[in-house]
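Notes for the one structure printed next.
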Amino acid sequence: MLQAIQAMYADVPVCVRTEEGLSGCFQSVLGVKQGCPLSPLLFGIFLDDFEGHIQQLGDAAALPQLAGRTVPPLLFADDMFLLSSSASGLQAQLHALQDYCNAKKLTVNAKKTQVMIMRPGGGSGNGKLAAGESFEYAGLPLEVASSTKYLGLTFSQLSKQHGFASCADVLAKAGRQAMFAMRRRAWELGACLVEQQCMLFDVFAGSQGLRARGQAGFRQGYRTVDNCFILRALAERARSRGVKLYLCAVDFEKAFDSVDRPLLWAALQRAGIGGTMLQAIQAMYADVPVCVRTEEGLSGCFQSVLGVKQGCPLSPLLFGIFLDDFEGHIQQLGDAAALPQLAGRTVPPLLFADDMFLLSSSASGLQAQLHALQDYCNAKKLTVNAKKTQVMIMRPGGGSGNGKLAAGESFEYAGLPLEVASSTKYLGLTFSQLSKQHGFASCADVLAKAGRQAMFAMRRRAWELGACLVEQQCMLFDVFVKPVLSYGCELWGVDVLLRPDCSSVERVHRWFCRRVQGLPKQVTAAISLAELGRQPLQSFWIQQLVRFWNRLQNSAADEDRVLGHPRMAH
1 MLQAIQAMYA DVPVCVRTEE GLSGCFQSVL GVKQGCPLSP LLFGIFLDDF
51 EGHIQQLGDA AALPQLAGRT VPPLLFADDM FLLSSSASGL QAQLHALQDY
101 CNAKKLTVNA KKTQVMIMRP GGGSGNGKLA AGESFEYAGL PLEVASSTKY
151 LGLTFSQLSK QHGFASCADV LAKAGRQAMF AMRRRAWELG ACLVEQQCML
201 FDVFAGSQGL RARGQAGFRQ GYRTVDNCFI LRALAERARS RGVKLYLCAV
251 DFEKAFDSVD RPLLWAALQR AGIGGTMLQA IQAMYADVPV CVRTEEGLSG
301 CFQSVLGVKQ GCPLSPLLFG IFLDDFEGHI QQLGDAAALP QLAGRTVPPL
351 LFADDMFLLS SSASGLQAQL HALQDYCNAK KLTVNAKKTQ VMIMRPGGGS
401 GNGKLAAGES FEYAGLPLEV ASSTKYLGLT FSQLSKQHGF ASCADVLAKA
451 GRQAMFAMRR RAWELGACLV EQQCMLFDVF VKPVLSYGCE LWGVDVLLRP
501 DCSSVERVHR WFCRRVQGLP KQVTAAISLA ELGRQPLQSF WIQQLVRFWN
551 RLQNSAADED RVLGHPRMAH
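Under UniProt numbering, the first residue of the sequence shown carries the number 1, and numbering increases by one thereafter.
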């Protein structure tokens with residue numbers, strides 16, 4: 001095993017990319033390979049014996065105790081955190097670190113190395129040291145900070161009232177300019193350990209039948225492609241019968257941030273969730289102190305009294321249950337909603353967390369659902385962005401209609417007219433008209449553009465990290481680009497596979513295979529794939545289609561799901 005690792009480093013030619021181009025190759029004789037999956041493990045093993053050096057100090061290190069056991073220095077790859085219950089103990093560890101680094105030929109940046117003192121009163125001490133407290137490394141004094149960053153979290157003093165209060169960093173939303181403050185979203189970052197509770201809560205809610213049939217968001221055993229498949233099945237059924245299918249993609253404005261918590265508790269109780277489980281959730285929101293990081297520093301703490309926590313694993317589940325009773329409001333409309341039928345069962349609105357898709361077999365039915373949605377949102381204190389809410393009409397002939405409406409067709413929400421689009425985006429897939437010849441193959445064309453952008457970004461980042469080997473490039477393509485190109489292939493894959501020409505998605509894959517080997521365009525795709533030992537993406541799509549078919553067969557007995565009907569699997 002050692003010889004295999006040494007062989008990897010026997011010949012490591014590298015070159016440097018500059019503005020003038022690539023430099024000449026030279027041998028790398030120091031360090032581990034950047035971007036190599038084995039490098040973090042090698043460096044970790046290289047540093048593991050430091051713990052023994054600290055333990056050799058004995059009581060002089062003053063290592064803290066936890067649950068009756070000594071806590072050693074905390075290591076995470078090249079991040080190190082020294083811990084001590086006394087100033088002299090920490091300084092002894094720093095001296096040991098200096099000797100260790102000299103022996104291992106490592107360098108510590110004393111200017112960026114910080115000392116932080118957790119005080120029992122919670123105060124920062126304004127950076128002042130008590131008598132006898134001093135910290136230095138290799139003769140250089142170390143900064144005593146009131147807060148320090150470790151593994152992505154900024155730790156300050158442990159407040160008596162708020163503990164490690166969540167710190168809300170104002171992050172610009174993707175695709176927007178940072179200067180527009182109103183378009184920013186505040187994400188609460190904190191140590192909220194609710195992963196296990198979320199899992200148990202999800203299993204309980206699902207086993208008790210507390211969720212809406214059309215809700216697939218963040219539920220065990222559900223996927224985004226499930227709702228997309230239902231949409232395709234409805235479109236094909238409407239086309240076969242020569243009727244229109246009316247769809248509406250509803251856009252909620254700041255949905256997670258607008259949840260009224262008393263209404264949320266009431267929704268949980270109506271769903272049958274009470275007792276200690278409800279009390280545990282309410283305790284999480286009893287005291288939610290947050291602060292905002294600005295250019296001037298951290299603001300003062302204030303209470304968050306609205307919405308569910310951004311970034312908390314439990315939040316999508318809570319919002320889903322908060323919205324689940326909307327399905328009942330639509331069903332109360334009866335025949336006025338004109339809900340479509342599939343396999344002999346009524347299909348409710350399709351929900352995925354805060355993504356909502358209204359379905360109707362008539363224009364009047366869709367408008368009735370929009371009126372019901374308006375009343376529902378007024379009662380739940382939610383806001384629908386009418387400018388971004390789109391109506392789409394699936395026509396039996398496959399034409400878009402150029403956005404024109406037939407006589408008697410009109411759609412509005414709260415008095416505002418809604419856009420009638422020829423295509424709409426739902427759960428990452430762009431749906432246009434169901435073509436008689438190509439089905440939903442147009443979804444793949446949009447994914448090809450996104451995949452091409454992901455491929456260029458991946459290659460640029462790989463060059464920056466030095467991951468230039470063909471094997472590394474292929475691995476990165478499969479990790480970062482292939483999922484983008486193949487997303488939703490269970491829905492559109494069959495349409496692309498039936499076409500005789502090469503799909504736009506596969507062309508991105510073939511371009512990559514030629515480019516990574518430096519082959520010209522004249523080289524056939526079969527040769528470029530064979531040289532790399534790769535299969536066309538179509539083989540992966542077939543595997544996904546077969547897996548999805550098996551999922552349909554297995555879910556046929558589940559009456560709580562829209563897909564749960566034997567006829568849906570045929």
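Built from N, CA and C at the ideal position, the CB exists for glycine as well.
Distance between beta carbons of residue j and residue i, contact taken as under 8 Å
i           : j      : result
Phe411      : Leu370 : 7 Å
residue 571 : Ser486 : Residue 571 is absent from the structure shown; the chain starts at 1 and stops at 570.
Val243      : Pro417 : With a Cβ gap of about 24 Å, Val243 and Pro417 do not count as contacting.
His329      : Ala363 : Incorrect: roughly 20 Å between the Cβ atoms, too far for contact.
Val523      : Arg514 : 6 Å
Ala233      : Leu342 : 6 Å
Gln535      : Leu497 : In fact, because the Cβ distance is near 14 Å, the residues do not count as touching under 8 Å.
Leu268      : Ile230 : Contact doesn't hold; Cβ gap of about 27 Å is too wide.
Ser528      : Arg510 : 7 Å
Tyr413      : Thr389 : 6 Å
Ala77       : Pro40  : 5 Å
Leu247      : Leu358 : 7 Å
Ser299      : Cys291 : 5 Å
Proximal residues to residue i (C-beta, below 7 Å), its chain only, five neighbours per side dropped
i      : result
Met356 : Val250, Pro349
Tyr9   : none
Asp354 : Phe252, Ala255, Phe256, Phe319
Residue(s) in a DSSP beta bridge with residue i
i      : result
Thr70  : Gln65
Leu231 : In DSSP, Leu231 forms no bridge with anything.
Thr294 : Gly297
Arg17  : Leu22
Met80  : Leu75
Gln303 : Pro289
Val250 : Met356
Val308 : According to DSSP, Val308 bridges with nothing at all.
Val144 : Val115
Lys149 : Thr154
Val420 : Val391
Leu245 : Met394
Gln27  : Pro13
Gln215 : Leu351
Tyr413 : Leu416
Residues near residue i in its chain [Cβ-Cβ closer than 6 Å; skip 5 each side]
i      : result
Glu253 : Thr383, Asn385
Met182 : With a pLDDT of 41 at Met182, under the threshold of 50, the modelled position of that residue is not reliable, and no figure is offered here.
Ala62  : Ser84, Ser85, Ser86, Gly89
Cys489 : Trp541, Gln544
Cys192 : Bear in mind that a pLDDT of 43 at Cys192, under 50, signals an unreliable position, so the number given afterwards is only what the model happens to contain. Here the set comprises Cys312.
Tyr100 : Phe50, His53
Ser28  : Val12, Val14
Phe180 : The predicted model places Phe180 with a pLDDT of 41, which falls under 50 and marks its position as unreliable, so this point remains unresolved.
Ile45  : none
Leu465 : Gln34, Gly35
Met568 : With a pLDDT of 48 at Met568, under the threshold of 50, the modelled position of this residue cannot be trusted, and the question is left open.
Leu94  : Tyr137
Contact check, residue i vs residue j, beta carbons under 9 Å
i      : j      : result
Gln98  : Thr148 : no
Gly152 : Ala467 : no
Ala92  : Ala138 : no
Gly307 : Asp257 : yes
Ala238 : Met392 : no
Asp48  : Leu74  : no
Leu318 : Val225 : no
Gly351 : Ser360 : First, the amino acid is wrong: residue 351 is Leu here, not Gly. No; because the gap between Cβ atoms is not below 9 Å, this pair is not in contact.
Lys381 : Leu278 : no
Val484 : Ala526 : no
Gln55  : Pro72  : yes
Val479 : Gly451 : no
Ala444 : Ser503 : yes
Ile5   : Leu30  : no
Ile117 : Glu133 : yes
Leu447 : Pro340 : no
Leu519 : Leu429 : no
Same chain, Cβ closer than 8 Å to residue i, five either side skipped, listed in chain order
i      : result
Ala462 : Gly35, Cys468, Gln472, Gln473, Leu476
Ala7   : none
Thr107 : Cys101
Ala421 : Gln390, Val391, Met392, Gly403
Unbroken stretches of the beta strand (DSSP E), 3 residues or longer, contained in the segment 425-501: For the segment 425-501, whole beta strand (DSSP E) runs of length 3 or above, ordered along the chain, are 429-431.
Identify every run of the beta strand (DSSP E) within the segment 328-393, keeping only runs that are complete inside it and at least 3 residues long; order them along the chain. Note on the segment 328-393: whole beta strand (DSSP E) runs with a minimum of 3 residues are 350-352, 355-360, in chain order.
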